[in-house]
Amino acid sequence: MSTHSAAPSAPAGALRTLGPDDASAVADLWNATFGDTHPLRAKAFATWWGSEHTDADLTFGLSRGGRLVGALLARAPRRAWSTPGVGHVSLLAVAPEAQGAGVGAELWRAGVTALRERGVRVVRLGADPGHLLPGVPVLAPAAAWRFFRARGLTFGPVECDLHLDLRPGPPTTPCDARLFDDDPEAVVAFVAHAFPGRWAEEVAAFAAHGCTLLGLERAGAVVAFAAAFGPDDAISGPSLTWSAALAGRPAGLGPLGVEVTQRGLGLGLGIVAAGARWHHARGAEDLLIDWTTLAPFYGRLGARVWRAYQRSEGVVDAAELANP
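Below you can see the structure in the form of structure tokens.
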């Protein structure tokens, strides 16, 4: 997310909602702003933009000379499992040459006002269903952090994306459960029972798109799962959103989890190690795991912090009214 905190002048161009024809321009704008650290491939952008959580009435853009120079996409709660009154700014990007001209401020006001009209009282940066980002990238410029602070937002826990180098070989760990990859219906049913809500919906959608769902079976029952993604999947899994930053054909793992009564038995490390071996057997050299606070846990298998973000939120009224 990029903007600028300098005193704004009137932004050039009329504010408007964005449509399908703007998709490539938004992707280009993102890559012009954040492409050095968070480059988006076309498939990753299409997966995010085409999400059923995207509402055209909550997408806003500003153009200058016929070219899009700023964009914001907001998301309001729309599921039974959504946190009531909490909305999200999923993307805010301003072209480098347009920063400091009030573009970000105009887009922010439009997005926050639209969220408030839908009953939102707390706005979070990222962390939305079908997210691009769990929070503000720690590598975002200082001006972006000042922009959000000026609008009443505060910063909280750090979330990480992790990288596991498979070139030395995949990790191993003792595990008495059997890995399977050929029964997505069983995994979908397991997740619906063990992780109802957001994960259950997302995993069912992954299965509907033909993505691989891995499971661990122990004593005849599914006890753990992981979604496994590769570059040839029909959609881009969340762990592969920024895979363009790596050469070759990175693979992704997650979401993943262990049934609550089976925790503490080594099955968490077991599903991660088994997933890494599964990908390695199919030629992957890099494995990405997104959005976690458990870097030390994954670090036991050799994973390192690759990208980091800080959660951020603020009260809508205060955020909208502060520093226009």
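For what it's worth, the numbering used here labels the leading residue of the sequence shown as 11, then goes sequentially. From the three backbone atoms N, C-alpha and C, an ideal C-beta is built for every residue, glycine too. Predicted, not measured: the structure shown is a model, and the values here were computed from it.
With H, G and I counted as helix, E and B as strand and the rest as coil, what does DSSP make of residue 125? The three-state secondary structure of residue 125, taken from DSSP, is helix.
Pick from 71, 202 and 39: whose alpha carbon is nearest that of residue 117? Relative to the Cα of residue 117, the nearest Cα in the group 71, 202 and 39 belongs to 71.
Three-state secondary structure assigned by DSSP to residue 42: Correct three-state label for residue 42: helix.
In terms of alpha-carbon separation, which member of 109, 54 and 84 lies closest to residue 43? For the residues 109, 54 and 84, the minimum Cα distance to residue 43 belongs to 109.
Looking only at its chain, what residues have a beta carbon closer than 6 Å to the beta carbon of residue 128, apart from the 5 residues adjacent to it on each side? So the list reads 86, once near-sequence residues are dropped.
Assuming residue 197 is part of the alpha helix (DSSP H), what are its boundary residues? 194-204 is the span of the alpha helix (DSSP H), which, as asked, contains residue 197.
For residue 76, the three-state DSSP class (helix, strand or coil): Judged by DSSP in its simplified three-state form, residue 76 adopts coil rather than helix or strand.
Look at the Cβ atom of residue 142, then the Cβ atom of residue 103, and state whether they are nearer than 8 Å. Annotated as distal: residue 142 and residue 103, with beta-carbon spacing of 8 Å or more.
Do the stretch 158-174 and the stretch 296-308 meet, that is, are 3 or more Cβ pairs less than 8 Å apart? Short answer: they touch.
Between the alpha carbons of residue 198 and residue 268, how many angstroms are there, rounded? CA-to-CA, the gap between residue 198 and residue 268 works out to about 14 Å.
Would you grab the beta carbon distance between residue 163 and residue 262 for me? Rounded to a whole angstrom, and I think it's under 8 Å. That belief does not hold up - the Cβ atoms of residue 163 and residue 262 are roughly 29 Å apart, past 8 Å.
If contacts are defined as beta-carbon pairs under 8 Å, then residue 54 and residue 251 qualify, I think. What distance do you get, rounded to the angstrom? The C-beta distance from residue 54 to residue 251 rounds to 5 Å, short enough to meet the 8 Å contact threshold.
Please report the residue range of the beta strand (DSSP E) in which residue 264 lies. Residues 261-268.
Where does residue 234 fall in DSSP's three states? When secondary structure is reduced to three states using DSSP, residue 234 falls in the strand class.
Can you give the Cα-Cα distance for residue 373 and residue 182, rounded to whole angstroms? Nothing in the structure corresponds to residue 373, since the chain is present only between 11 and 334.
Cβ neighbours of residue 314 in the same chain (closer than 7 Å, five flanking residues each side left out): Excluding five sequence positions before and after residue 314, the CB atoms of its chain that fall closer than 7 Å to its own CB belong to 172 and 173, given in chain order.
Residue 272 to residue 152, Cα distance in whole Å? Rounded to the nearest angstrom, the two C-alpha atoms are 44 Å apart.
Which of the three DSSP states, helix, strand or coil, is assigned to residue 289? In the structure shown, residue 289 sits in a helix (DSSP, three-state: H, G or I).
Could you give the first and the last residue of the continuous alpha helix (DSSP H) run that contains residue 148? From DSSP, residue 148 is part of no alpha helix (DSSP H); its letter is neither H nor E.
Considering only C-alpha positions, which residue in the set 211, 187, 30 and 132 is nearest to residue 284? Closest option to residue 284, Cα to Cα, is 187.
Reference residue 65; option with closest CA among 150, 99, 133 and 157: In this structure, 99 is the residue among 150, 99, 133 and 157 with its C-alpha nearest to the C-alpha of residue 65.
Out of curiosity, what's the CA-to-CA distance linking residue 231 and residue 93? Between the alpha carbons of residue 231 and residue 93 lies a gap of roughly 31 Å.
Taking the alpha carbon of residue 47 as the reference point, which residue from 211, 206, 149 and 227 has its own alpha carbon closest? For the residues 211, 206, 149 and 227, the minimum Cα distance to residue 47 belongs to 149.
The beta strand (DSSP E) that contains residue 228, what's its start and end? Run containing residue 228: 222-228, per the beta strand (DSSP E) assignment.
Quick check on the DSSP output: the alpha helix (DSSP H) that includes residue 188 runs from which residue to which? Unbroken run through residue 188 is the beta strand (DSSP E), 188-190; no alpha helix (DSSP H).
Just reading off the alpha helix (DSSP H) that residue 161 is part of, what are its end residues? Element bounds for residue 161: n/a, residue is neither H nor E.
Less than 8 Å between C-beta atoms, sequence neighbours within five positions excluded: which residues of the same chain meet that for residue 221? Beyond the five residues adjoining it in sequence on each side, residue 221 comes within less than 8 Å, by CB distance, of 237, 238, 239, 243, 244, 245 and 247 in the same chain, given in chain order.
Over what stretch of residues does the beta strand (DSSP E) that includes residue 134 continue unbroken? Counting along the chain, the beta strand (DSSP E) containing residue 134 begins and ends at 132-135.
If you run the structure through DSSP and keep just helix, strand and coil, what is residue 34? It is helical.
Out of curiosity, what's the CA-to-CA distance linking residue 235 and residue 146? It is roughly 28 Å from the alpha-carbon of residue 235 to the alpha-carbon of residue 146.
Can you give me the C-alpha to C-alpha distance between residue 211 and residue 73, rounded to a whole angstrom? One alpha carbon belongs to residue 211, the other to residue 73, and they sit about 36 Å apart.
Quick check on the DSSP output: the beta strand (DSSP E) that includes residue 301 runs from which residue to which? Taken as a continuous stretch (DSSP letters only), the beta strand (DSSP E) holding residue 301 covers 296-302.
What does a CB cutoff of less than 8 Å around residue 219 pick up in its chain, not counting 5 residues either side in sequence? Hits under 8 Å: 243, 244 and 245.
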